[in-house]
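Worksheet for the structure shown next.
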Amino acid sequence: MKKTTRKNLQFREKYGPYALVAGGSNGLGAAFAEALARRGLNLVLLAREKERLEASAKEIKKKYHVDAITFAVDLADYEKTKSIITGLTVSIGLLVYNAAFAPIGLFENTNEEHLSLAAAVNVKTPLLLAKLLSGQMINNATKGGIVLMSSLAGVQGSPKLAAYAATKAFNTVLAEGLWKELQPHGIDVIGCCAGAILTPGYQQAVTSTERATASKGSPLEKSKIAPGTLAACDVAEQTLKALGKGPVVVPGSVNKIARFVFTRLLTKKAAIGIMSKNTGGLS
15 MKKTTRKNLQ FREKYGPYAL VAGGSNGLGA AFAEALARRG LNLVLLAREK ERLEASAKEI
75 KKKYHVDAIT FAVDLADYEK TKSIITGLTV SIGLLVYNAA FAPIGLFENT NEEHLSLAAA
135 VNVKTPLLLA KLLSGQMINN ATKGGIVLMS SLAGVQGSPK LAAYAATKAF NTVLAEGLWK
195 ELQPHGIDVI GCCAGAILTP GYQQAVTSTE RATASKGSPL EKSKIAPGTL AACDVAEQTL
255 KALGKGPVVV PGSVNKIARF VFTRLLTKKA AIGIMSKNTG GLS
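This is the structure:
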């Protein structure tokens, strides 16, 4: 059951009654959904996988006794996404945009379809959803908030993640600008510049890399998990607690130090060189 506290009531009063989580079926999106439900917010969950989405909503309803509305939609299709949101009869006070598509590998080998998909999911849809929902908040004279998921990969160029890193840099800068612009309307904006997150997708990628590099019959090593890797629930909690306190949050002390080193101490050339070593095994 959800625990009602003064902070939770204040959070719901400012960012409720409904929060929209884009990419809310599993992993970090599901963690955000649960963290918001724990605070007493009702949910609108968007993602492609209908079964996972409905299962997540069912569990949240049972555990926290909040409403959870689901729509299976490809977030690369902004017009379809927009039609769903404009057709809602509930009021959205908080947008959490967590969806992302990451083309992995050399840019020269990445096809146009994947690059277009990255631009649509990671740039176009969060940009236009922020416009749509902040516009509704302003027109209705209500307070609210926007959370845009970024990444430490976007702090500098990231070889073999070049397009993904560039889209994440966009989201960080967008959040910074909107944080200042929307303040007079009582709308809080934050960009979450996250490091590695222990989601099912990340665990699968780590396991695949270990299996590809380990000798036959050797055990998989937990040391393959990157330093600073956090559980999805920790990233969600730290991000929501930082909402309203500044334009960017970097969850985790190790990741905060890494961002400081990469942006303040190293030259851009050195930072890119280090990232190249870290992403060299991706394909």
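Numbering (this note's numbering), first residue to last: 15 to 297.
A virtual CB, placed ideally from N, CA and C, is assigned to each residue, including glycine.
Notebook entry, point to check: Any idea what DSSP makes of Leu175, helix, strand or coil?
Noted result: Numbered from 1 along the sequence shown, position 161 holds the residue referred to as residue 175. Three-state DSSP puts Leu175 in coil, outside helix and strand.
Notebook entry, point to check: So, Ala47 versus Leu59, is the Cβ gap smaller than 8 Å?
Noted result: Along the sequence shown, read from residue 1 onward, the residue named residue 47 stands at position 33. Along the sequence shown, read from residue 1 onward, the residue named residue 59 stands at position 45. Result yes, Cβ atoms of Ala47 and Leu59 sit closer than 8 Å.
Next item on the list: Enumerate in chain order the residues of its own chain whose CB-to-CB distance from Ser237 is below 6 Å, with the five nearest sequence positions on each side excluded.
Entry: For the purposes of this step, residue 237 is taken as residue 223 along the sequence shown, with counting starting at 1. Below a pLDDT of 50, predicted positions are generally treated as unreliable, and Ser237, at 44, falls in that range; no measurement from the model is reported.
Next item on the list: Would you mind working out which of Ala144, Val161, Ser39 sits nearest Glu65, comparing C-alpha positions?
Entry: As a position in the sequence shown, residue 65 is number 51, starting the count at 1. The residue with the shortest Cα to Cα distance from Glu65 is Ser39.
Item checked: Residue from Arg273, Leu89, Ile288 with nearest C-alpha to Ala133 -> In the sequence shown, counting from the first residue as 1, residue 133 sits at position 119. For the residues Arg273, Leu89, Ile288, the minimum Cα distance to Ala133 belongs to Leu89.
Checklist line | Cβ neighbour criterion (16 or more within 10 Å) applied to Gly101 | finding: Mapped onto the sequence shown, residue 101 falls at position 87. The residue in question, Gly101, is exposed, as its Cβ has fewer than 16 Cβ neighbours within 10 Å.
Item checked: C-beta contact flag for Cys247 and Ala45 at 8 Å -> Taking the first residue of the sequence shown as 1, we reach residue 247 at position 233. Taking the first residue of the sequence shown as 1, we reach residue 45 at position 31. Yes, these two residues count as a Cβ contact at 8 Å.
Margin query: I believe Ala86 touches Leu67 by the beta-carbon criterion, under 8 Å. Please report the beta-carbon distance rounded to the nearest angstrom.
Written below: Taking the sequence shown and counting its residues from 1, the one referred to as residue 86 is at position 72. Taking the sequence shown and counting its residues from 1, the one referred to as residue 67 is at position 53. With a Cβ gap of about 6 Å, Ala86 and Leu67 count as contacting.
Notebook entry, point to check: Among residues of its own chain, excluding the 5 on either side of Leu200, which ones have a beta-carbon nearer than 6 Å to its beta-carbon?
Noted result: Taking the first residue of the sequence shown as 1, we reach residue 200 at position 186. The question names Leu, but residue 200 in the sequence shown is Gly. Around Gly200: Lys157.
Check: Is the beta carbon of Leu34 less than 8 Å from the beta carbon of Ala250?
Finding: Locating residue 34 in the sequence shown gives position 20, counting from the first residue. Locating residue 250 in the sequence shown gives position 236, counting from the first residue. Cβ distance not < 8 Å, so Leu34 and Ala250 don't count as in contact.
Item checked: Neighbourhood of Gln217 by C-beta, 7 Å cutoff - its chain only, sequence neighbours within 5 removed -> If you number the sequence shown from 1, residue 217 lands on position 203. Because the pLDDT at Gln217 is just 49, under 50, the model does not fix this residue reliably, and the value given afterwards should be weighed accordingly. Contacts found: none.
Margin query: Here's the rule I'm using: 16 or more other beta-carbon atoms within 10 Å means buried, otherwise exposed. How should Asn153 be labelled?
Written below: On the sequence shown, position 139 is the one that residue 153 refers to. So Asn153 counts as exposed.
Check: Using a Cβ-Cβ cut-off of 8 Å (strictly less than) and excluding sequence neighbours within five positions of Pro261, which residues of its own chain qualify?
Finding: Position 247 of the sequence shown, counted from the start, is the residue given in the question as residue 261. The answer, listed in chain order, is Ala189, Glu190, Trp193, Lys194, Val203, Ile204, Gly205.
Notebook entry, point to check: Going by Cα to Cα distance, which pick from Pro241, Lys259, Thr19, Ala71 is closest to Gly266?
Noted result: The sequence position of residue 266 within the sequence shown is 252, counting from 1. When each option's Cα is compared against that of Gly266, the closest is Pro241.
Next item on the list: Between the Cα of Val263 and those of Gly168, Ser164, Thr213, spot the shortest distance and give me the residue it belongs to.
Entry: Counting from 1 along the sequence shown, the entry for residue 263 is found at position 249. Closest option to Val263, Cα to Cα, is Ser164.
Notebook entry, point to check: Residues in its own chain within less than 6 Å of Ala219 by CB, not counting five upstream and five downstream?
Noted result: Taking the first residue of the sequence shown as 1, we reach residue 219 at position 205. For Ala219, the pLDDT reaches just 49, beneath the cut-off of 50, and the residue's location in the model is therefore unreliable, leaving the point undetermined.
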